[in-house]
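Enquirer: Below are the structure tokens for one structure; questions will follow.
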Ligand code: BEZ
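Numbering (the working numbering), first residue to last: 401 to 650.
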């Protein structure tokens with residue numbers, strides 16, 4: 401998937417702002433070696449670096465890695481997949497914010513995370529979309545696409561939003577001990593009057609693939625019209641984010 405890193409940094413900076421709480425949960429220590437899995441444009445890797453840990457950021461998007469490397473030239477960033485990475489040195493912790501819902505081969509990702517952690521206490525700290533995440537937006541988008549005849553677009557599986565018991569069971573099956581897990585609503589304010597359309601343009605590109613610009617505009621307008629009553633409050637758009645947070649150790 402091609403990412404617009406300007407749109408990401410300028411209109412969706414809430415992704416890394418909310419991620420600061422996840423860094424607190426990670427609690428990086430001086431001298432630790434930490435992997436930021438799905439580092440995007442690098443802002444949270446920089447926060448971890450500021451805590452005096454050594455951080456490596458990986459992302460499957462070359463665009464994200466290029467932008468991250470320009471913003472933070474002192475940090476090591478690499479294009480790598482969440483399901484296929486190996487480092488010679490094992491990590492004290494693997495951290496991931498707002499990424500793992502993109503990884504449909506989630507069992508492979510969990511196995512890869514486990515393999516790359518230090519024995520006896522290597523920790524995995526992550527937040528991503530949990531069961532029910534952005535359900536109102538997905539429902540509206542899929543029904544609009546279906547009504548307009550774009551059935552194969554509507555039927556795509558783009559994201560993985562597991563329930564808390566489903567995901568923590570997978571972690572346990574992989575060998576992890578889950579020490580914390582939470583599934584909670586976090587209605588998220590989208591910037592300005594075009595927030596919902598911008599969110600869809602940024603994140604829902606797979607659903608819109610192959611449609612002409614004109615069709616995309618009518619789809620986005622339809623979705624806005626369907627959600628105005630529930631997701632627009634005092635002129636501001638909200639996405640019905642539901643987060644899954646986990647801490648697990650090896
Ligand atoms: C999320 O952070 O929950 C998310 C972001 C983009 C698309 C889907 C989910």
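From the three backbone atoms N, C-alpha and C, an ideal C-beta is built for every residue, glycine too.
These numbers come from a predicted model, not from an experiment.
Under 7 Å: does the beta carbon of residue 534 sit that close to some heavy atom of the ligand BEZ?
Expert: Numbered from its first residue, the chain shown carries residue 534 at position 134. The answer is yes for residue 534.
Enquirer: If you run the structure through DSSP and keep just helix, strand and coil, what is residue 348?
Expert: It is not possible to answer for residue 348, since the shown part of the chain is limited to 401 through 650.
Enquirer: Using only alpha-carbon positions, find the residue among 576, 521, 508 and 440 that is nearest to residue 432.
Expert: Start at 1 with the first residue of the chain shown, and residue 432 comes out as number 32. With distances taken between Cα atoms, residue 432 lies closest to 521.
Enquirer: Exposed or buried, which one is residue 603 when buried takes at least 16 other CB atoms within 10 Å?
Expert: By one-based count along the chain shown, residue 603 stands at place 203. Buried, since its Cβ has 16 or more Cβ neighbours within 10 Å.
Enquirer: Report buried or exposed for residue 535, applying the criterion of at least 16 other Cβ atoms within 10 angstroms of its Cβ.
Expert: Residue numbering aside, residue 535 sits at position 135 when the chain shown is read from its first letter. Residue 535 is exposed by the Cβ-count criterion.
Enquirer: Assuming residue 560 and residue 506 form a contact by the criterion Cβ under 8 Å, report the distance between their Cβ atoms to the nearest whole angstrom.
Expert: Along the chain shown, read from residue 1 onward, the residue named residue 560 stands at position 160. Along the chain shown, read from residue 1 onward, the residue named residue 506 stands at position 106. About 5 Å; that satisfies the 8 Å criterion.
Enquirer: Could you please give the first and the last residue of the uninterrupted beta strand (DSSP E) stretch that includes residue 436?
Expert: Counting from one through the chain shown, the residue named residue 436 turns up at place 36. Start and end: 433-437.
Enquirer: Please report the distance separating the alpha-carbon of residue 579 from that of residue 448.
Expert: As a first step, residue 579 must be located in the chain shown, where it is residue number 179. As a first step, residue 448 must be located in the chain shown, where it is residue number 48. Roughly 21 Å between the two C-alpha positions.
Enquirer: Quick one: grab the DSSP three-state call for residue 581.
Expert: Counting from 1 along the chain shown, the entry for residue 581 is found at position 181. If DSSP states are grouped into helix, strand and coil, residue 581 belongs with the strands.
Enquirer: Using a 10 Å radius around the Cβ and a threshold of 16 neighbouring Cβ atoms, would you call residue 504 buried or exposed?
Expert: Here residue 504 corresponds to residue number 104 of the chain shown, with the count starting at 1. So residue 504 ends up on the exposed side.
Enquirer: For the region 478-564, list the alpha helix (DSSP H) runs that are entirely contained and at least 4 residues long, ordered along the chain.
Expert: For the region 478-564, whole alpha helix (DSSP H) runs of length 4 or above, ordered along the chain, are 506-515, 535-547 and 551-554.
Enquirer: Just the Cα atoms here: how many angstroms apart are residue 445 and residue 406?
Expert: Mapped onto the chain shown, residue 445 falls at position 45. Mapped onto the chain shown, residue 406 falls at position 6. Cα to Cα, residue 445 sits roughly 18 Å from residue 406.
Enquirer: Would you check whether the ligand BEZ has a heavy atom nearer than 7 Å to the C-beta of residue 603?
Expert: As a first step, residue 603 is located in the chain shown; it is residue number 203 there, counting from the start. Checking every heavy atom of the ligand BEZ against the Cβ of residue 603, one is found closer than 7 Å.
Enquirer: Just mark residue 381 as buried or exposed, buried being the case when its beta carbon has 16 or more other beta carbons within 10 Å.
Expert: This structure does not reach residue 381, given that the chain is present from 401 up to 650, and the question cannot be answered.
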